[in-house]
Amino acid sequence: MVSRNKSFIQFSISLIFLFTPVFLGAMNVNETINLKKDGSGILTFSYLEKEATVKGKNFMIGNLPFTKEKLADYFKAPNSYIQLSTVEKSQKDNTMTQVTVVISFTDISKLGDAKGLAHTNFSYTQTDSGAVLKNTINPDFVKTNMVDQIYYVLKSEGDIKSSNGKVTDKSAEFFRGKDYLNGTEINFVATVESDGKTTSNKTVAGEEKGKSCGLFGLELPFLMLGGLVFSFNRKRKKLKS
13 MVSRNKSFIQ FSISLIFLFT PVFLGAMNVN ETINLKKDGS GILTFSYLEK EATVKGKNFM
73 IGNLPFTKEK LADYFKAPNS YIQLSTVEKS QKDNTMTQVT VVISFTDISK LGDAKGLAHT
133 NFSYTQTDSG AVLKNTINPD FVKTNMVDQI YYVLKSEGDI KSSNGKVTDK SAEFFRGKDY
193 LNGTEINFVA TVESDGKTTS NKTVAGEEKG KSCGLFGLEL PFLMLGGLVF SFNRKRKKLK
253 S
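According to this note's numbering, the sequence shown holds residues 13 to 253 in order.
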């Protein structure tokens with residue numbers, strides 16, 4: 013499992029370096045999601061900006077830090093942990109500073125709680141046709157962080173049944189450039205094959221099991237009392253006969 017995760021991390025970072033266009037004075041945001049059928053997975057989140065702009069903003073643009081010391085604080089979220097974080101010069105342009113954070117999560121809906129992902133919302137909802145993954149980016153995220161383009165790659169464990177991105181087998185790509193980032197909400201949506209279970213469903217099932225055990229505990233004394241009464245009545249009948 014560790015080797016598979018490591019391979020995916022390397023693949024995600026390679027995709028980011030390969031497909032990230034470089035624009036002067038503009039923040040580029042890239043996300044690669046490796047999604048399992050139960051809604052857990054790995055998020056590789058990357059962003060880059062002109063080194064001169066980063067220094068001029070004191071290594072902090074909006075809620076996106078450009079120092080390794082701040083990454084752990086800005087990208088921590090419930091039910092997740094940071095596997096890798098780097099701050100380095102872009103391989104395509106050494107005048108650009110690139111930040112990459114790899115986050116392993118068990119509940120994708122909690123990722124938006126991280127300060128670095130504020131004004132974004134992730135959801136994973138079970139439906140009759142499959143599980144719907146949705147990532148909504150509020151205009152405040154684009155404005156606060158001076159975002160000029162957003163690029164997604166989704167790699168799904170199950171088949172991708174539909175998406176507003178370009179679907180190829182079990183992958184979907186989604187791009188929005190500055191012409192689309194005009195103050196409107198951005199939504200990346202995909203319906204994927206799932207196992208019909210999520211973390212919340214498993215919790216509910218556990219609670220129901222607990223309730224059943226609790227009821228049996230209450231019923232047990234009455235069952236034992238009923239058995240004793242039945243046994244006593246049988247003995248009385250035998251004595252009379």
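Ideal placement from N, C-alpha and C gives every residue a C-beta, glycine not left out.
Query: In three-state DSSP terms, what is G68?; Result: helix
Query: List the DSSP bridge partners of Y164.; Result: E43, F186
Query: Nearest to N46 by alpha carbon, out of G170, Q110, D191, K190?; Result: G170
Query: Report the residue from N157, V114, T139 whose alpha carbon sits nearest the alpha carbon of G195.; Result: N157
Query: What is the residue span of the alpha helix (DSSP H) that L83 lies within?; Result: 80 to 86
Query: Just curious, the beta strand (DSSP E) that T180 is in, first and last residue?; Result: 178 to 180
Query: Just tell me which of K178, V204, I149, V41 has its CA closest to the CA of S58.; Result: V41
Query: Buried or exposed: D140, going by 16 or more other Cβ atoms within 10 Å of its Cβ?; Result: exposed
Query: Below 7 Å CB to CB, which residues in the same chain sit around A126 once its five sequence neighbours on both sides are set aside?; Result: Y86, F87, K88, A89
Query: Compare the beta carbon distance of V165 and A202 with 9 Å and say whether it is the shorter of the two.; Result: no
Query: Strictly by DSSP, which residues pair up with N199?; Result: T148
Query: Identify, in the order they occur along the chain, each residue of the same chain with its Cβ nearer than 7 Å to the Cβ of Y93, setting aside the five sequence neighbours on each side.; Result: S116
Query: Thinking just about the alpha-carbon of each residue, which of E100, G128, Q103, G74 is nearest to the one in A84?; Result: G128
Query: Mapping DSSP to helix, strand and coil, what is G142?; Result: strand
Query: Quick check on the DSSP output: the beta strand (DSSP E) that includes G124 runs from which residue to which?; Result: Per DSSP, G124 belongs to no beta strand (DSSP E) and is neither H nor E.
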